[in-house]
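Down below is the structure, laid out as structure tokens.
And the structure:
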């Protein structure tokens, strides 16, 4: 369903102003192995424009789902969020002979005027995972040559770092994604990070200090390992997860040191805009 939604969205001309990001972008566009259930986008569009975009996508998605799963019921449900700058919808399809619904959460986050992430453009049908699905007959959209606008890997890394610093409850998927990006030799760029702090309309809220990730104490380390185990058991092949467990997740802790080292001088980092955020003390 994710690919059907991506194709429907990026078949519309307005989609040039919508940027694909997050863990699912890593999976489809950069050949990541972690499963991700959500589609995350950033845009300068306001809520009314996004709602219009979703409405225009809906018929394309319905037809695409029928092509893959046969007749069924398709619906889009909006979910209220605490942030006025965020729009969350659930795209759901239930094949007529099935009880279980296929559901994908889709979120659009609004950008501040004058700020945009660096992006790349990719042809959907040429992405390695998509090509293999087309060859196997598992993705049956005619001519899926829509152009995906996706954040560069460096931008996705900065989003992951920002998420760790502002999440009240850390998510194991962020640690895996950071490890994956560092394995591709992607490193934290302090200038990208400073810009990322100011990029979204939702203000940055500083929940955890850099040192929590750079040099975690015993309790901090246990908290991180617990989050990794709980989260990644749903999103990672069991064989891959067991390899990380055998080393005590050393690879992920090493990756944290690599990406947080440039941010260890928090006063310099804060000068990039963190000082303007709520809750930063």
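Numbering (my numbering), first residue to last: -14 to 266. All C-beta atoms, glycine included, are put in the ideal place defined by N, C-alpha and C. Quantities reported herein were computed from a predicted structural model and do not represent experimental measurements.
Per DSSP, cross-strand counterpart(s) of residue i
i           : result
residue 185 : 96
residue 57  : 80
residue 24  : 91
residue 107 : 133
residue 75  : 62 and 90
residue 4   : 27
Residue i classed as buried or exposed, judged by whether at least 16 other C-beta atoms fall within 10 angstroms
i           : result
residue 138 : buried
residue 40  : exposed
residue 217 : buried
residue 140 : buried
residue 157 : buried
residue 122 : exposed
residue 200 : exposed
residue 66  : exposed
residue 58  : exposed
residue 108 : exposed
residue 178 : buried
residue 250 : exposed
residue 223 : exposed
residue 266 : Note on residue 266: pLDDT 32, under 50, position unreliable in the model; no value is reported.
residue 159 : buried
residue 102 : buried
residue 31  : exposed
residue 0   : buried
residue 248 : buried
residue 261 : Unreliable placement is indicated for residue 261, whose pLDDT of 42 sits below 50; the coordinate value is still reported in the next sentence. Exposed, by the Cβ-count rule.
residue 202 : exposed
residue 38  : buried
residue 259 : Because residue 259 sits at a pLDDT of 46, beneath the cut-off of 50, its placement in the model cannot be relied upon, and the point is left open.
Chain C within 8 Å of residue i, Cβ atoms only
i           : result
residue 248 : The chain labelled as chain C is not found in the depicted structure, where only one protein chain is given.
Contact under 8 Å by Cβ, residue i with residue j
i           : j           : result
residue 124 : residue 115 : yes
residue 113 : residue 16  : yes
residue 6   : residue 174 : no
residue 93  : residue 78  : no
residue 73  : residue 90  : yes
residue 164 : residue 236 : yes
residue 182 : residue 147 : yes
residue 149 : residue 193 : yes
residue 110 : residue 129 : yes
residue 198 : residue 228 : no
residue -5  : residue 155 : no
residue 245 : residue 210 : no
residue 11  : residue 162 : yes
residue 166 : residue 142 : yes
residue 75  : residue 62  : yes
CB-CB length for residue i against residue j, believed under 8 Å
i           : j           : result
residue 321 : residue 3   : Limits of the chain in this structure are -14 at one end and 266 at the other, which puts residue 321 out of reach.
residue 47  : residue 220 : That belief does not hold up - the Cβ atoms of residue 47 and residue 220 are roughly 27 Å apart, past 8 Å.
residue 186 : residue 43  : Their Cβ separation, rounded to whole angstroms, is 25 Å, which puts residue 186 and residue 43 out of contact at 8 Å.
residue 180 : residue 243 : With a Cβ gap of about 20 Å, residue 180 and residue 243 do not count as contacting.
residue -3  : residue 9   : Incorrect: roughly 19 Å between the Cβ atoms, too far for contact.
residue -8  : residue 131 : 5 Å
residue 96  : residue 184 : 6 Å
Q | Every unbroken beta strand (DSSP E) within the stretch 124 to 209, with a cutoff of 3 residues, ordered by chain | A | 132 to 136
Q: With a floor of 4 residues, list each alpha helix (DSSP H) that falls wholly inside the stretch 216 to 241, ordered by position along the chain.
A: 223 to 231
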